[in-house]
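Those letters in the sequence shown? Residues 1 to 149, by UniProt numbering.
Please read the structure below before turning to the comments.
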Amino acid sequence: MKCPFCGEADSKVIDSRPAEDGNSIRRRRQCNACQKRFTTYEKVETIPLIVIKKDNNREPYDRQKIASGIIRSCHKRPISADQINKLVDEIETEIFNREEREIPAQDIGEVVMNRLKDLDAVAYVRFASVYREFKDVNTFMDEIKKILK
1 MKCPFCGEAD SKVIDSRPAE DGNSIRRRRQ CNACQKRFTT YEKVETIPLI VIKKDNNREP
61 YDRQKIASGI IRSCHKRPIS ADQINKLVDE IETEIFNREE REIPAQDIGE VVMNRLKDLD
121 AVAYVRFASV YREFKDVNTF MDEIKKILK
């Protein structure tokens, strides 16, 4: 593991413990050259997942795309970064538990919307307005009425 401070490739593990999410190992390391300490996380490698886009193009799954969509939806909402990370972890777990090699982007969007609905109604509507491509105010209002029921 390269040291983020000096770039030395040789470091030693000082401490290992399960991370808060329970799905990874948190390791404290110390660089053998500069003696500075840093943290790394080790996760189980999963099956490569391919996302099938609306236009039938395929691309590798990218956790950051889900996270950035949720972050935009939650902008100026009382939602912490930890809550967002936990939400992305839950979404990712649900997607990978399907044990499919390919998954339509629509399925991922539905999972995100279902999780956002429970977290914050405003963030849910923001995400839905982009995901469902609301064309006018009436479709927007229809979605809001669904939430109010």
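Glycine residues also receive a C-beta, built at the ideal position from the N, C-alpha and C atoms.
Inset, instruction - Between the Cα of Thr139 and those of Leu148, Ile147 and Ser129, spot the shortest distance and give me the residue it belongs to. - result: Working through the sequence shown from its first residue, we reach residue 139 at position 139. Of the listed residues, the one whose Cα sits closest to Thr139 is Ser129.
Legend entry - Through-space distance from Glu92 to Arg63, alpha-carbon basis: Here the question's residue 63 lines up with position 63 in the sequence shown. Here the question's residue 92 lines up with position 92 in the sequence shown. Taking the straight line joining both Cα atoms gives about 8 Å.
Legend entry - Identity of the residue in Lys135, Glu110 and Val137 nearest Ala124 by Cα: For the purposes of this step, residue 124 is taken as residue 124 along the sequence shown, with counting starting at 1. As written in the sequence, residue 124 is Tyr, which differs from the Ala given in the question. Per the Cα distances, Glu110.
Legend entry - Helix, strand or coil at Tyr124 [DSSP, three-state]: As a position in the sequence shown, residue 124 is number 124, starting the count at 1. Helix.
Inset, instruction - State yes or no: is the C-beta of Asn85 within less than 9 Å of the C-beta of Ala67? - result: To locate residue 85, count along the sequence shown from 1; it is residue 85. To locate residue 67, count along the sequence shown from 1; it is residue 67. Yes, they are a contact pair.
Inset, instruction - Determine the direct distance from the alpha carbon of Gly22 to that of Val44, and round the result to whole angstroms. - result: To locate residue 44, count along the sequence shown from 1; it is residue 44. To locate residue 22, count along the sequence shown from 1; it is residue 22. Spanning the two alpha carbons is a distance of roughly 11 Å.
Inset, instruction - Classify Val112 as buried or exposed, calling it buried when 16 or more other Cβ atoms lie within 10 Å of its own Cβ. - result: Numbered from its first residue, the sequence shown carries residue 112 at position 112. Answer is buried; the Cβ neighbour count reaches 16.
Inset, instruction - Assign residue 156 to buried or exposed, taking buried as 16 or more other Cβ atoms, counted over all protein chains shown, within 10 Å of its Cβ. - result: With the chain covering only 1 through 149, there is no way to say anything about residue 156.
Inset, instruction - Measure the CB-CB distance between Leu49 and Tyr61 and report whether it falls below 9 Å. - result: In the sequence shown, counting from the first residue as 1, residue 49 sits at position 49. In the sequence shown, counting from the first residue as 1, residue 61 sits at position 61. Yes, they are a contact pair.
Inset, instruction - Enumerate in chain order the residues of its own chain whose CB-to-CB distance from Ala9 is below 6 Å, with the five nearest sequence positions on each side excluded. - result: Your numbering for residue 9 matches position 9 in the sequence shown. So the qualifying residues of the chain are Lys2.
Inset, instruction - Starting from the C-beta of Leu87, find all residues in its chain whose C-beta is less than 8 Å away, skip the five residues before and the five after it, and write them out in chain order. - result: Taking the first residue of the sequence shown as 1, we reach residue 87 at position 87. So the list reads Ile70, Arg115, Leu116 and Leu119, once near-sequence residues are dropped.
Inset, instruction - Indicate the three-state DSSP secondary structure (helix, strand or coil) for Asp118 in the structure shown. - result: Within the sequence shown, numbered from 1, the residue matching residue 118 stands at position 118. The answer is helix: DSSP assigns Asp118 an H, G or I state.
Inset, instruction - Identify which residue in Ile25, Asp89, Phe134 and Ala121 has its Cα closest to the Cα of His75. - result: Position 75 of the sequence shown, counting from 1, holds the residue named residue 75. The residue with the shortest Cα to Cα distance from His75 is Ala121.
Inset, instruction - Return the first residue and the last residue of the beta strand (DSSP E) that Val51 is part of. - result: Here residue 51 is taken as the residue at index 51 of the sequence shown, counted from 1. First-last of the beta strand (DSSP E) with Val51: Ile50 to Ile52.
Legend entry - Uninterrupted alpha helix (DSSP H) stretches inside the segment 25-107 (no shorter than 4 residues): 63-73 and 81-96
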